[in-house]
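Numbering (the working numbering), first residue to last: 73 to 245.
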């Protein structure tokens with residue numbers, strides 16, 4: 073990421089993800105349960121809750137982060153609807169397993185300079201320090217930035233995912 077310009081929207085997103093990790097440690101750590109993290113620009117399949125419940129039942133026991141929404145995933149299939157992440161863009165919907173994982177994410181984040189919220193995960197995924205699985209196919213998608221607007225410009229070859237029955241379409245009806 074050193075040769076990539078980071079814009080203020082990306083820094084704000086990174087800071088909001090960090091705030092969520094601190095909140096997990098402060099408010100959830102006693103229960104130490106998984107926490108859903110969503111950015112504000114996502115859409116989901118109308119039947120996403122049942123699809124995700126099915127995916128969670130197939131999730132390997134060693135998971136630390138479970139990506140529900142992502143782009144340009146490179147992964148190794150471990151189940152028909154789950155893969156082990158190797159590389160991706162845009163963690164805009166995911167689960168953090170517990171406060172221990174949240175502490176890892178905070179410690180690995182370079183808090184001196186702004187970052188892209190999920191880009192700092194990649195070296196740790198690569199060396200096996202962070203175990204990330206992904207729903208694939210995913211049932212949560214980033215909204216089309218051209219249609220809905222964004223303060224974060226396209227930062228990579230991110231293609232818009234077409235959902236079968238998006239909730240945004242149902243809500244517009």
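Think of the CB as a built atom: it goes at the ideal place given N, C-alpha and C, for glycine as much as any other residue. Small disclaimer: the values here were computed from a predicted structure and weren't measured.
query, result
"Simplified DSSP assignment, three categories, for residue 210", "coil"
"Sub-8 Å separation of residue 155 and residue 118 beta-carbons", "no"
"Counterpart residues of residue 198 in DSSP-defined beta bridges", "DSSP, once it has assigned bridges, lists no residue as partnering residue 198."
"Which listed residue (193, 169 and 172) has its alpha carbon closest to that of residue 180", "193"
"Distance between beta carbons of residue 164 and residue 114, contact taken as under 8 Å", "5 Å"
"Reduced DSSP category for residue 235 - H, G, I as helix; E, B as strand; rest coil", "coil"
"Helix, strand or coil at residue 203 according to DSSP, with G and I counted as helix", "coil"
"DSSP bridge partner residues for residue 136 (one or two, in chain order)", "Per DSSP, none; premise fails for residue 136."
"Enclosing alpha helix (DSSP H) for residue 154 [first to last residue]", "Segment 154-168 is the beta strand (DSSP E) holding residue 154; no alpha helix (DSSP H) there."
"Strand pairing of residue 143, partner residues [DSSP]", "161"
"Backbone secondary structure at residue 126 - three-state DSSP", "helix"
"Alpha carbon of residue 101 to alpha carbon of residue 171, nearest angstrom", "5 Å"
"Cα-Cα separation between residue 94 and residue 103, rounded to whole angstroms", "15 Å"
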